[in-house]
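Colleague:
Residue numbers (UniProt numbering): 1 to 126.
Below, the structure is given as structure tokens:
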């Protein structure tokens, strides 16, 4: 069975969507309910900080995976030269798993960047 996955969103996506909706709903009433509006604004700033921290961590992990993938290719070439095909299969499987993980993280990083830009835009409109 072949499963097509939808584009990855990061683990904070639902919280981001909720806070953005709340902020957008309160924006027209910012004079009337300034305490609620200010709290919504603070919540957006806080989630942006969390997203940026997670983005940096994930970016570091992607870089580690990139280096790992290079090492796996090198190791596989050595195993091929030694005609150790069982080890080649192991390196192939590890390479595939690492590639999938890297690609998933890259997709999440793109979505995080989009969410950060969206929230920055909302906050600068004020």
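Backbone N, C-alpha and C define an ideal beta-carbon position, used for all residues, glycine too. Please read all numbers here as calculations on a predicted model, not as lab measurements.
Identify which residue in 56, 87, 89 has its Cα closest to the Cα of residue 110.
Modeller: As a first step, residue 110 must be located in the chain shown, where it is residue number 110. Out of 56, 87, 89, 56 has the C-alpha closest to the C-alpha of residue 110.
Colleague: Quick one: give me the first and last residue of the alpha helix (DSSP H) that residue 97 is part of.
Modeller: By one-based count along the chain shown, residue 97 stands at place 97. 85-124 is the span of the alpha helix (DSSP H), which, as asked, contains residue 97.
Colleague: For residue 80 versus residue 88, is the C-beta distance shorter than 7 Å?
Modeller: The residue labelled residue 80 in the question sits at position 80 within the chain shown. The residue labelled residue 88 in the question sits at position 88 within the chain shown. For residue 80 and residue 88, yes; Cβs fall inside 7 Å.
Colleague: Checking 7 Å against the spacing of the C-beta atoms, do residue 58 and residue 105 come in under that value?
Modeller: The sequence position of residue 58 within the chain shown is 58, counting from 1. The sequence position of residue 105 within the chain shown is 105, counting from 1. Cβ distance < 7 Å, so residue 58 and residue 105 count as in contact.
Colleague: Look up residue 11 in the DSSP assignment and say whether it is helix, strand or coil.
Modeller: The sequence position of residue 11 within the chain shown is 11, counting from 1. Three-state DSSP puts residue 11 in coil, outside helix and strand.
Colleague: Using beta-carbon positions only, say whether residue 35 and residue 22 come within less than 7 Å of one another.
Modeller: As a working note, residue 35 is residue 35 in the chain shown. As a working note, residue 22 is residue 22 in the chain shown. Against a cut-off of 7 Å, the Cβ pair of residue 22 and residue 35 comes out as no contact.
Colleague: Which residue spans inside the stretch 8-84 form an unbroken alpha helix (DSSP H) run of at least 4?
Modeller: Runs of the alpha helix (DSSP H) inside the stretch 8-84: 13-26, 34-81.
Colleague: Within 10 angstroms of its Cβ, does residue 103 collect 16 or more other Cβ (buried), or is it exposed?
Modeller: Here residue 103 is taken as the residue at index 103 of the chain shown, counted from 1. Residue 103 comes out exposed.
Colleague: Do you know how far the Cα of residue 84 is from the Cα of residue 11?
Modeller: Start at 1 with the first residue of the chain shown, and residue 11 comes out as number 11. Start at 1 with the first residue of the chain shown, and residue 84 comes out as number 84. Rounded to whole angstroms, residue 11 to residue 84 spans 40 Å at the Cα level.
Colleague: Check the Cβ-Cβ distances between residue 76 and every residue of chain D, and say whether any is below 7 Å.
Modeller: Chain labels in this structure do not include chain D; a single protein chain is all it has.
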